[in-house]
Amino acid sequence: MIPRKRSRRIFKMIGLLLAPIVLYGLFRLFEYVQVFQPYPEHNAFPQLIHDSPQDIYFPNSDGQQLNGWFFTATASSPWNDWAVLISHGNGGNISHRLDLYELWMKEGFNVLAYDYRGYGKSEGRPSEQGTYRDAVSAHLWLTQQGFSPDRIIALGESLGGGVATELALRKPVGGLVLQSTFTSIADLGKEIFPWLPVRTLNTIKYTTREKLPSVNLPTLILHSREDTMIPFSHAQRNLEAINGPKLLGEITGNHNDPLSFTSQPYLRHIRAYKELLSARLVGERSAPATEQ
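Written out as structure tokens, the structure is:
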């Protein structure tokens with residue numbers, strides 16, 4: 011039988027050895043629930059903004075079924091061969107962003123909004139690499155419907171900006187839009203939790219700014235100076251990192267405020283971005299052919 015004092019010392023040593031493991035596990039859990047906040051139920055329906063929306067399901071590369079909504083552009087729109095592929099933020103699901111889809115439809119674009127794995131009606135559990143693969147699968151769905159990759163605009167809202175930027179590296183797209191997007195999870199985490207060793211311990215990265223120099227596409231950055239969740243400085247640093255044609259459009263309101271209240275400034279930025287896209291297309295058509 012182990013003496014009582016000795017047994018206490020053994021338990022104390024075991025506790026000391028296990029404490030770092032427990033703390034690390036708690037940090038991992040804390041990090042995960044801060045980044046991914048899926049909501050399973052739809053709180054709105056696509057028929058509110060479109061006469062005949064398509065409720066679609068398509069597989070991702072891991073064999074899970076993803077859910078999305080596809081809104082067709084009007085046949086008379088000069089942009090009806092373009093599609094805006096929307097990767098949403100970390101919370102809720104596709105039903106929480108009807109105002110965003112409606113604004114892009116008003117400007118004549120087709121719109122595909124999809125839920126990452128674990129969000130809404132999509133199967134699985136979210137992860138950083140999983141969201142990247144889900145965006146690629148949504149891109150594939152659009153190309154299978156006949157959309158040319160250079161007519162797909164990757165739009166990322168908040169966390170979705172990291173997803174859209176990675177998509178622009180993995181697959182050909184015609185443009186990139188970053189709305190209320192951070193430079194990286196580590197940068198934002200350090201600002202929100204300055205007392206935590208975020209840069210040392212974080213494993214969910216979404217290093218948007220680091221990737222942007224490799225994305226040579228017409229890029230629109232939309233951000234509000236009133237955003238208390240992701241400061242405007244993130245938009246400025248992202249803008250500086252872009253080498254290609256770029257625009258910074260200031261929107262108003264806080265991070266999760268409905269866009270419908272500030273639709274006119276947002277629409278003006280879309281129109282300016284369309285001019286940037288058109289200029290790029292004209293430049294490509296007029297560029298001399300290279301010798302083989």
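Per the working numbering, the sequence shown starts with residue 11, numbered consecutively. Where a beta carbon is used, it is the ideal one built from N, C-alpha and C, also for glycine.
C-beta atoms of residue i and residue j nearer than 9 angstroms
i: residue 173; j: residue 97; result: yes
i: residue 49; j: residue 130; result: yes
i: residue 212; j: residue 253; result: no
i: residue 93; j: residue 157; result: yes
i: residue 113; j: residue 269; result: yes
i: residue 99; j: residue 170; result: yes
i: residue 232; j: residue 276; result: yes
i: residue 150; j: residue 203; result: no
i: residue 124; j: residue 132; result: yes
Closest by C-alpha distance to residue i, when choosing among the options
i: residue 80; options: 115, 220, 73; result: 115
i: residue 219; options: 191, 165, 237, 112; result: 191
i: residue 118; options: 146, 111, 144, 87; result: 87
i: residue 255; options: 277, 246, 230; result: 230
i: residue 178; options: 43, 109, 228; result: 228
i: residue 235; options: 251, 223, 59, 259; result: 259
i: residue 135; options: 73, 151, 148; result: 73
i: residue 162; options: 241, 71, 124, 95; result: 95
i: residue 193; options: 284, 247, 273; result: 247
i: residue 43; options: 265, 199, 285; result: 199
i: residue 111; options: 288, 53, 217, 59; result: 59
i: residue 62; options: 70, 77, 82; result: 82
i: residue 181; options: 144, 207, 208, 217; result: 144
Range of the contiguous alpha helix (DSSP H) that encloses residue i
i: residue 221; result: 218–221
i: residue 113; result: 108–116
i: residue 244; result: 242–251
i: residue 141; result: 138–154
i: residue 269; result: Where residue 269 is concerned, there is no enclosing alpha helix (DSSP H), given that its DSSP letter is neither H nor E.
i: residue 211; result: 208–211
i: residue 135; result: Where residue 135 is concerned, there is no enclosing alpha helix (DSSP H), given that its DSSP letter is neither H nor E.
The beta strand (DSSP E) enclosing residue i, as first and last residue numbers
i: residue 124; result: 120–124
i: residue 201; result: Residue 201 -> not in any beta strand (DSSP E); alpha helix (DSSP H) instead, spanning 195–202.
i: residue 72; result: First-last for residue 72: undefined, no H or E at that position.
i: residue 189; result: 185–189
Residue i versus residue j - alpha carbon distance
i: residue 106; j: residue 290; result: 33 angstroms
i: residue 197; j: residue 244; result: 9 angstroms
i: residue 210; j: residue 55; result: 42 angstroms
i: residue 75; j: residue 215; result: 25 angstroms
i: residue 64; j: residue 189; result: 24 angstroms
i: residue 239; j: residue 187; result: 19 angstroms
i: residue 154; j: residue 90; result: 16 angstroms
i: residue 281; j: residue 109; result: 17 angstroms
i: residue 299; j: residue 47; result: In this predicted model, residue 299 has a pLDDT of only 43, less than 50, meaning its place in the structure is not dependable; the value taken from the coordinates is given anyway. Each residue's alpha carbon lies about 49 angstroms from the other.
i: residue 279; j: residue 166; result: 15 angstroms
i: residue 241; j: residue 201; result: 9 angstroms
i: residue 221; j: residue 142; result: 14 angstroms
i: residue 257; j: residue 283; result: 7 angstroms
i: residue 52; j: residue 266; result: 17 angstroms
heavy atom of the ligand PLP below 8 angstroms from residue i C-beta
i: residue 100; result: Ligands displayed in this structure: none; no statement on the ligand PLP is therefore possible.
For residue i: DSSP bridge partner residues
i: residue 79; result: 65, 123
i: residue 43; result: Beta-bridge pairing links residue 43 to no other residue.
i: residue 94; result: 121, 163
i: residue 234; result: 261
i: residue 102; result: 48
i: residue 84; result: Answer by DSSP bridge pairing: none, since residue 84 is not bridged.
i: residue 229; result: 186, 256
Cβ of residue i within 9 angstroms of any chain D Cβ
i: residue 265; result: Among the chains in the structure shown there is no chain D, since it carries only a single protein chain.
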